[in-house]
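Going line by line, the protein sequences match chains B and Z. Quick note: the first sequence uses the numbering used here, first residue 19, plus one each step. Quick note: the second sequence uses the numbering used here, first residue 19, plus one each step. For every residue, glycine included, the Cβ atom is placed at its ideal position computed from N, Cα and C. Report on the structure given below.
There are 2 protein chains.
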Amino acid sequence: MLKYILLGFLNYSPMTGYDLKRIIDHSTAHFWHAYHSQIYTTLARMEDEGLLTSETDDSDDKLSRRVYTITPTGQAALAAWQRQPLTSLPHGKNELLVRLFFSADRKTEEVLDELRIQRRLHQQQLELYNHIYLDDYLNEAPPTEQQNVAREMVFWQMTIDFGRAYEQMYLAWLDETINKLTELD
Amino acid sequence: MLKYILLGFLNYSPMTGYDLKRIIDHSTAHFWHAYHSQIYTTLARMEDEGLLTSETDDSDDKLSRRVYTITPTGQAALAAWQRQPLTSLPHGKNELLVRLFFSADRKTEEVLDELRIQRRLHQQQLELYNHIYLDDYLNEAPPTEQQNVAREMVFWQMTIDFGRAYEQMYLAWLDETINKLTELD
DNA sequence: GCACACATGTAAGGCGTTACATGATTAA
DNA sequence: TTAATCATGTAACGCCTTACATGTGTGC
């Protein structure tokens, strides 16, 4: 999956692993995250596969930046991935639900404390979506053609809308769950 | 994580890998899923770690069932895990959002088709939560003490409520997104 | 006789996380 | 001079998925 995120961004313009890390942190991180270690190793593998080429940029003295450029093969791989629609649901993973599922033998107050911690975290996450996210991304975004920016923003906004809807749902469920547990005594 | 799910179920009663697979499929699968291959290898590793013991049940002639039992060490590990609350948010992974994020250069109709496929899948998932899920689990559930069943059901129900809220949110977002895209032409 | 559920494993490969490791530039 | 940011990598380990592999019991 990371492979296609890297192809997607490099299809806008050539970049270094460091640039990609920063852009991912400010854009896709809320629905797909990656550590720099994985980014660098994946870029190297993709170059071996012929999807990218790289050259060391020595314009600034000693600071060596390895700039990656997408190849026609890479663009074809990206297009092929886009053409093939998702036809299944992912296997959701939610550690909090696992913990809650096995919480019948825990003290109610202990479980409530844990849910309140999660409530605070999700509240913060929602505030991030409401105030920071779009501006943040637009500042970090790679240069794109003027005429396509509007259309791109429509799609980016949809992912932000999802994040906001997700956090609102999560908070509502946490509140409902906390209430039910409080009345359980 | 699977380790604690296995400890959680084996804390109710001794079981085989096959039993655990079936119970997981009918209970935690919607928030944590595992293939039988991972279950068997994890059980073996846990026995090495002293969290479980196993014995081959030869009561039925040739059909060999390896029954795992939780040890005091295993119960201590489960209790320690329960006591340590979750204090962070997981890194969400959502392939559909990745695809949507890089969809500005795709044909609108192609993207709409993909979203409609997802809509159908999530609709099915929601119907599962509304009709089948609880009954299904109660039939597969391991025997527990009468007095604790009511409290356990409260917690199980909370995970089902989450699933339902999640699918409802997802469907609402898909509808909104489909509408916005339809009006984009 | 055949299909389906029961039952248990191994192997390979990819993905993701944490830690280790290094070094330059820039602003306070 | 010291901290933050820029910049790039390697190593180890564990988790997850897919595929391979085998065999019995039960009901139609």
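Per the coordinates, the alpha-carbon of Leu-38 (chain B) lies some 30 angstroms from the alpha-carbon of Gln-136 (chain B). Contact note: Gly-110 (chain B) reaches chain Z through His-48, Phe-49, using a C-beta cutoff of 7 angstroms and chain order. If you draw a straight line from the Cα of His-149 (chain B) to the Cα of Met-187 (chain B), it comes to about 18 angstroms. By DSSP's assignment, Arg-182 (chain Z) forms no beta bridge with any residue. Between Gly-35 (chain B) and Leu-69 (chain B), the C-beta spacing is not below 8 angstroms. For Met-187 (chain B), the C-beta contacts it makes with chain Z under 7 angstroms involve Ala-183, Tyr-184, Met-187, in order along the chain. Boundaries of the beta strand (DSSP E) harbouring Leu-70 (chain B): 70-75, taken from the DSSP string.
Burial state of Thr-74 (chain B) is exposed, judged by a 10 Å Cβ sphere holding fewer than 16 other Cβ atoms. Inter-segment contact for the stretch 116-135 of chain Z and the stretch 89-98 of chain Z is absent: fewer than three beta-carbon pairs are separated by less than 8 angstroms. Between Phe-49 (chain B) and Thr-200 (chain B), the gap from beta carbon to beta carbon reaches 8 angstroms or more. The bridge partners DSSP lists for Arg-84 (chain B) are B:Thr-74.
For Thr-34 (chain B), the three-state secondary structure derived from DSSP is strand. Scanning chain B for C-beta atoms nearer than 7 angstroms to the C-beta of Ala-122 (chain Z) yields Asn-166, Arg-169, Glu-170, Phe-173, reported in chain order.
Under the three-state reduction of DSSP output, Ala-52 (chain B) falls in the coil class, being neither helix nor strand.
Residue contact check for Arg-117 (chain B) against chain Z: a CB pair falls below 8 angstroms.
Taking the CA atoms as reference points, Phe-27 (chain Z) sits about 22 angstroms from Tyr-147 (chain Z). Assigned with DSSP and collapsed to three states, Lys-198 (chain B) falls in helix.
Only exposed fits Met-19 (chain Z), as fewer than 16 other CB atoms lie within 10 angstroms of its CB.
By the neighbour-count definition (other C-beta atoms within 10 Å, threshold 16), Leu-192 (chain B) is a buried residue.
Among the residues facing chain Z, Asp-131 (chain B) is included, as its CB has a counterpart in that chain under 8 angstroms away. Using a CB distance cut-off of 8 angstroms, Pro-90 (chain B) does not count as an interface residue toward chain Z. Less than 8 angstroms divides the Cβ of Thr-87 (chain Z) from the Cβ of Pro-32 (chain Z). Between Asn-197 (chain B) and Gln-93 (chain B), the gap from beta carbon to beta carbon reaches 8 angstroms or more.
The Cβ-Cβ distance between Ser-72 (chain B) and Arg-83 (chain B) does not fall below 8 angstroms. Thr-105 (chain Z) and Asp-76 (chain Z) have their C-alpha atoms roughly 45 angstroms apart.
The residue among B:Asn-112, B:Leu-107, B:His-51, B:Phe-173 with its C-alpha nearest the C-alpha of Gln-143 (chain Z) is B:Leu-107.
The shortest C-alpha to C-alpha distance from Met-171 (chain B) to any of Z:Phe-120, Z:Glu-185, Z:Leu-133 is the one to Z:Phe-120. For Gln-143 (chain B), the chain Z residues whose Cβ falls inside 9 angstroms of its Cβ are Leu-107, in order along the chain. Rounded to whole angstroms, the Cβ separation of Ile-41 (chain B) and Ala-52 (chain B) is 11 angstroms, and the two are not in contact under 8 angstroms.
In its chain, beyond the 5 residues on either side, Ile-196, Leu-199, Thr-200 have a beta carbon closer than 8 angstroms to the beta carbon of Leu-130 (chain B).
Neighbours of Met-19 (chain Z) in chain B, taken as residues whose beta carbon is under 7 angstroms from its own, are Glu-113, Val-116 in chain order.
Taking a C-beta distance under 8 angstroms as the contact criterion, Ala-190 (chain Z) and Ala-190 (chain B) do not qualify as a contact pair. Judged by DSSP in its simplified three-state form, Met-171 (chain B) adopts helix. Taking C-beta atoms as the reference points, Asn-112 (chain Z) and Ala-122 (chain B) fail to come closer than 8 angstroms.
Taking the C-beta atoms as reference points, Val-116 (chain Z) is found no nearer than 8 angstroms to Thr-59 (chain B).
Tyr-22 (chain Z): member of the alpha helix (DSSP H) spanning 20-28, first to last residue.
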